[in-house]
Structures are given as C-alpha cells and as structure tokens.
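Novice: Following my numbering, the numbering of the sequence shown begins with 140 at its first residue and continues without gaps.
Quick one: the structure is below, and I'll ask about it shortly.
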Amino acid sequence: MTGSPGREQVSRVLQQHGALMVLAALVVVGSVAFDSFATAGNAASVLVSSSFTAIIAIGMTFVIISGGIDLSVGSLFVFGGVLAAYGSQYGLFVALVLPLAACGLVGLLQGLLIARTGMAPFIVTLAGLLGVRGLMLAISNEGATTYLVKDSAFARLGQGGVFGLTWPVYITALLAVAAMVLLQRTAFGQNVYAVGGNEPGAALMGVPVARTKVYVYLMSGLLAGLAGVLNAARLSSGVTILGIGLELDVIAAVVIGGTLLTGGAGGITGTIAGVLLLGVIQSLINQVGNLTSAFQQVVSGLFLALVVVAQRLLGRAQRLG
Numbered sequence: 140m141t142g143s144p145g146r147e148q149v150s151r152v153l154q155q156h157g158a159l160m161v162l163a164a165l166v167v168v169g170s171v172a173f174d175s176f177a178t179a180g181n182a183a184s185v186l187v188s189s190s191f192t193a194i195i196a197i198g199m200t201f202v203i204i205s206g207g208i209d210l211s212v213g214s215l216f217v218f219g220g221v222l223a224a225y226g227s228q229y230g231l232f233v234a235l236v237l238p239l240a241a242c243g244l245v246g247l248l249q250g251l252l253i254a255r256t257g258m259a260p261f262i263v264t265l266a267g268l269l270g271v272r273g274l275m276l277a278i279s280n281e282g283a284t285t286y287l288v289k290d291s292a293f294a295r296l297g298q299g300g301v302f303g304l305t306w307p308v309y310i311t312a313l314l315a316v317a318a319m320v321l322l323q324r325t326a327f328g329q330n331v332y333a334v335g336g337n338e339p340g341a342a343l344m345g346v347p348v349a350r351t352k353v354y355v356y357l358m359s360g361l362l363a364g365l366a367g368v369l370n371a372a373r374l375s376s377g378v379t380i381l382g383i384g385l386e387l388d389v390i391a392a393v394v395i396g397g398t399l400l401t402g403g404a405g406g407i408t409g410t411i412a413g414v415l416l417l418g419v420i421q422s423l424i425n426q427v428g429n430l431t432s433a434f435q436q437v438v439s440g441l442f443l444a445l446v447v448v449a450q451r452l453l454g455r456a457q458r459l460g
C-alpha cells in the first residue's frame, strides 16, 4: 500500500526545511516575548557567536552526507586557535598558514585512514580528537601558556567588520554559498551524495569513493582550523580551554538541519538553519535571565532527539509514498 505523492512531498519539505520553520517560529515568539530580542544588537550577537560553529558545521555536513562522522573538529578548532596565536608573532601570513596546514594535514591523514584501510570513521576521528588535544596541550605547556596575538592585522580579521557585523560573519556567508554550489552543482557534490547513499553502488558506477572520502575529511579539518583561526583573532589569544564538546554541538546542528546521520541526504541551508536555531535558543535562555547555560544543552538534546525521531518517521512516510 502506497501513500499519496502529496504526503511524500510534505515529508520531504519537513525533513529539509523543518529547522528553518522552527527557527522562524522561535524568532517570532522571542520578538513578542522580549523587547530586547528583536534588536540589531542581539541579532548581531547571535550571528557573530554562531559563525564559528557554522564554519565547522559546513565541513561536517559534507562528512555526514558521505556517511561518515568527524569527532576531531572540536580539538582541531582549539588547536588551530593556539597555532594561530603562536604564529601571529611572525606576522599575518604565518598566523593563517600554520594552523590551516596543520589542521588540514590531520584531516587528510584521517581521510586516508578511513578511505584506504576501511577503518570506522568513529574510531579514527576519536583518535584524532584525543591526539590533537594532546598536541595542543604539549605546545601550550599543559594549557599553562596562553599565546597572545601579536599582529594587529590578524586581530582585525576577527574584530573588524562593517554594518555592525565582524568579518567572520561575512566569511561564513561566503563559505556557505560556496559550499552550496559545490554540493549541489558539481560532480564532487553528487559523488558525496552517492557515497553516502549507497557506497557499493557508487563504486560500481565508477564514483571515486576513496578520493571523495579523503576530500571531505580534508575539508572538515581545514574548516575546523579556520574557525579556530578566526576565533583566536577575535579573542586576541589562543585560549586552550575552548572546543570541549564542540563536536557534539556541530553534529547536533547538522542533524537538526535535516542531514541524515545515515548519509546520502542533507544540505547547507538546513545546516545553517540548525546552527542559528541553537544560537537563538541560547539567546532566548539569556533573555529569560534566571536559567543557566546548562539549560541550553538540555534543550539542544531534546531538539536533537525529536529531530532524529522525526527523520525516521518522515523517511518511513517517503518510502510508503
């Protein structure tokens, strides 16, 4: 017995754009409930604080669509920030290239291990999480040394901006647009979907499965490092205590945005909506005033659980359709 085409279409729309609908509803509720919510200053605050997570989430979207997972991004984020702050004493070029090269190399190595040896992405990137954090602690004397940004041009990259928004927000927007084009309009993007949807079938069709996997983990490493670089520029230091649990926030945002953990489906628009949704939730909690930041984790967890359940139900409805 099959369902109607209309039901299948509604299920697909809800899966792809559900986060955006919830985000819009929360913005309306927040605007009505709190006078200080619907202000330019609060909107700018949400966008700026969400931009770093969004950059990492863009890379994570490619990874999850390909059927993988990357648990190392939180460690790469803080590692990139520490290396950027350390490198800033030698100028803007070193502050940018050193962390991107190091984080890109980690992503490349993880991709090669996963693609060439068949090791589980969970295990490989968990090892990356631990190993990279160990490297960060080693170069910062167990976290006792905090490197300060020495180059003013590098600091302006994170602190400067126009129209009330800092440069990381504009960089995030450009990356999101580029990622949309790459995912939807190029052969590489179609390969990512094919590998995540049906890897054996993709291999039989001539899709370069191993190369595609290497590229998505390389991209994830580079973007996590870039987010760390921009955050170090914003804070004017390489703070060593950041990034703990960030990988879970990123994965939650991507899944809330409609990307299936099983791979083969998802998109950048939903991911950005998922990141902003978590940012708006945090802003609403701050507006209430008497709730701690831990409450945001509870709400995010509930959202994630509901979204995963909804994805299963919607996927079943599409199959019946």
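Glycine included, every Cβ here is placed at the ideal spot set by N, Cα and C.
If you compare alpha carbons, which of 267, 309, 349 and 351 is closest to residue 218?
Specialist: Within the sequence shown, the letter at position 79 stands for residue 218. Nearest option by C-alpha distance: 267.
Novice: On the CB-based measure, 16 or more other CB atoms within 10 Å of its CB, does residue 307 come out buried or exposed?
Specialist: Counting from 1 along the sequence shown, the entry for residue 307 is found at position 168. So residue 307 counts as buried.
Novice: Here's a check: name, in chain order, each residue in its chain whose Cβ is nearer than 6 Å to the Cβ of residue 191, leaving out the five neighbours to either side.
Specialist: Along the sequence shown, read from residue 1 onward, the residue named residue 191 stands at position 52. These residues qualify, in order along the chain: 366 and 370.
Novice: Would you list the one or two residues that DSSP bridges to residue 300?
Specialist: For the purposes of this step, residue 300 is identified with residue 161 of the sequence shown, where counting begins at 1. DSSP output for residue 300 lists 305 as bridge partner(s).
Novice: Whose C-alpha, out of 355, 182, 314 and 340, is nearest the C-alpha of residue 328?
Specialist: Mapped onto the sequence shown, residue 328 falls at position 189. Of the candidates 355, 182, 314 and 340, the one whose C-alpha sits nearest the C-alpha of residue 328 is 355.
Novice: Taking the Cβ atom as the reference point for each residue, do residue 162 and residue 415 lie within a distance shorter than 8 Å?
Specialist: Numbered from its first residue, the sequence shown carries residue 162 at position 23. Numbered from its first residue, the sequence shown carries residue 415 at position 276. In this structure, residue 415 lies closer than 8 Å to residue 162 by Cβ.
Novice: What span of residues does the alpha helix (DSSP H) with residue 176 cover, start to end?
Specialist: The count along the sequence shown starts at 1 and reaches residue 176 at position 37. Residue 176 -> no alpha helix (DSSP H), and no H or E assigned at all.
Novice: How would you write the range of the alpha helix (DSSP H) that residue 281 sits in, first residue to last?
Specialist: Within the sequence shown, the letter at position 142 stands for residue 281. First-last for residue 281: undefined, no H or E at that position.
Novice: Our contact map puts residue 168 next to residue 389 with C-beta atoms below 8 Å; I'd like the distance itself, whole angstroms only.
Specialist: The count along the sequence shown starts at 1 and reaches residue 168 at position 29. The count along the sequence shown starts at 1 and reaches residue 389 at position 250. The Cβ separation is near 25 Å, so there is no contact.
Novice: Quick one: is residue 421 buried, meaning 16 or more other Cβ sit within 10 Å of its Cβ, or exposed?
Specialist: In the sequence shown, the residue the question calls residue 421 occupies position 282. Looking at its Cβ environment, which holds 16 or more other Cβ atoms inside 10 Å, residue 421 is buried.
Novice: Per the contact definition of three or more C-beta pairs closer than 8 Å, is the stretch 379 to 393 in contact with the stretch 279 to 289?
Specialist: Taking 8 Å as the limit for Cβ pairs, the verdict is that the stretch 379 to 393 does touch the stretch 279 to 289.
Novice: Kindly list the residues whose CB is nearer than 7 Å to the CB of residue 264, restricted to its own chain and excluding five residues on each side of it in sequence; keep chain order.
Specialist: The residue given as residue 264 occupies position 125 in the sequence shown. So the list reads 208, 209, 210, 211 and 249, once near-sequence residues are dropped.
Novice: Can you list, in chain order, the residues of its chain with a C-beta nearer than 7 Å to that of residue 303? Leave out the 5 residues immediately preceding and following it.
Specialist: By one-based count along the sequence shown, residue 303 stands at place 164. Hits under 7 Å: 179 and 183.
Novice: Going by Cα to Cα distance, which pick from 337, 199 and 261 is closest to residue 406?
Specialist: Here residue 406 is taken as the residue at index 267 of the sequence shown, counted from 1. Residue 199 is the option with its Cα nearest to residue 406.
Novice: Give a yes or no on whether the C-beta atoms belonging to residue 298 and residue 350 are separated by under 8 Å.
Specialist: Numbered from its first residue, the sequence shown carries residue 298 at position 159. Numbered from its first residue, the sequence shown carries residue 350 at position 211. No, these two residues do not count as a Cβ contact at 8 Å.
Novice: Evaluate residue 400 with the Cβ neighbour count: other Cβ atoms within 10 Å of its Cβ, from every protein chain shown; 16 or more gives buried, anything less gives exposed.
Specialist: Position 261 of the sequence shown, counted from the first residue, corresponds to residue 400. Flag for residue 400 reads exposed.
Novice: Please state if the CB of residue 224 and the CB of residue 296 are separated by a distance shorter than 8 Å.
Specialist: Translated into positions along the sequence shown, residue 296 becomes position 157. Translated into positions along the sequence shown, residue 224 becomes position 85. No, these two residues do not count as a Cβ contact at 8 Å.
Novice: Taking Cβ positions, are residue 238 and residue 226 nearer each other than 8 Å?
Specialist: The count along the sequence shown starts at 1 and reaches residue 238 at position 99. The count along the sequence shown starts at 1 and reaches residue 226 at position 87. In contact: residue 238 and residue 226 (Cβ atoms closer than 8 Å).
Novice: Out of curiosity, what's the CA-to-CA distance linking residue 305 and residue 311?
Specialist: The count along the sequence shown starts at 1 and reaches residue 305 at position 166. The count along the sequence shown starts at 1 and reaches residue 311 at position 172. The alpha-carbon atoms of residue 305 and residue 311 are separated by roughly 11 Å.
Novice: Judging by CA-CA distance, which residue of 205, 185 and 172 is the nearest neighbour of residue 332?
Specialist: Here residue 332 refers to the residue found at position 193 of the sequence shown. Taking only the C-alpha atoms, the option nearest residue 332 is 205.
Novice: Whole angstroms is fine: what's the gap from residue 166's alpha carbon to residue 157's?
Specialist: The residue you call residue 166 lines up with position 27 of the sequence shown. The residue you call residue 157 lines up with position 18 of the sequence shown. The alpha-carbon atoms of residue 166 and residue 157 are separated by roughly 14 Å.
Novice: Looking at chain B, is there any beta carbon in it that lies within less than 8 Å of the beta carbon of residue 181?
Specialist: The structure shown contains no chain B, having only a single protein chain.
Novice: To the nearest angstrom, how far is the alpha carbon of residue 359 from that of residue 175?
Specialist: Counting from one through the sequence shown, the residue named residue 359 turns up at place 220. Counting from one through the sequence shown, the residue named residue 175 turns up at place 36. Roughly 36 Å between the two C-alpha positions.
Novice: Return the first residue and the last residue of the alpha helix (DSSP H) that residue 225 is part of.
Specialist: Position 86 of the sequence shown, counted from the start, is the residue given in the question as residue 225. Looking at the DSSP string, the run of the alpha helix (DSSP H) that includes residue 225 is 212 to 226.
Novice: Given that a residue counts as buried once 16 or more other Cβ atoms are within 10 Å of its Cβ, and exposed if not, what is residue 348?
Specialist: Walking along the sequence shown from the start, residue 348 turns up at place 209. Flag for residue 348 reads buried.
Novice: Among residues of its own chain, excluding the 5 on either side of residue 242, which ones have a beta-carbon nearer than 7 Å to its beta-carbon?
Specialist: On the sequence shown, residue 242 is found 103 positions in, with the first residue counted as 1. These residues qualify, in order along the chain: 215, 218, 219, 360, 361, 363 and 364.
Novice: Buried or exposed: where does residue 440 fall if 16 or more other Cβ atoms within 10 Å of its Cβ makes it buried?
Specialist: As a working note, residue 440 is residue 301 in the sequence shown. Exposed, since its Cβ has fewer than 16 Cβ neighbours within 10 Å.
Novice: Tell me, which residues are paired with residue 376 by DSSP?
Specialist: One-based indexing of the sequence shown puts residue 376 at position 237. Bridge partners of residue 376: 287.
Novice: Given that a residue counts as buried once 16 or more other Cβ atoms are within 10 Å of its Cβ, and exposed if not, what is residue 418?
Specialist: Counted from its first residue, the sequence shown places residue 418 at position 279. Its Cβ being crowded by 16 or more others within 10 Å, residue 418 is buried.
Novice: Within 10 angstroms of its Cβ, does residue 275 collect 16 or more other Cβ (buried), or is it exposed?
Specialist: Position 136 of the sequence shown, counting from 1, holds the residue named residue 275. Buried.
Novice: Distance, Cα to Cα, residue 228 vs residue 326?
Specialist: The residue you call residue 228 lines up with position 89 of the sequence shown. The residue you call residue 326 lines up with position 187 of the sequence shown. Distance between the alpha carbons of residue 228 and residue 326: 41 Å.
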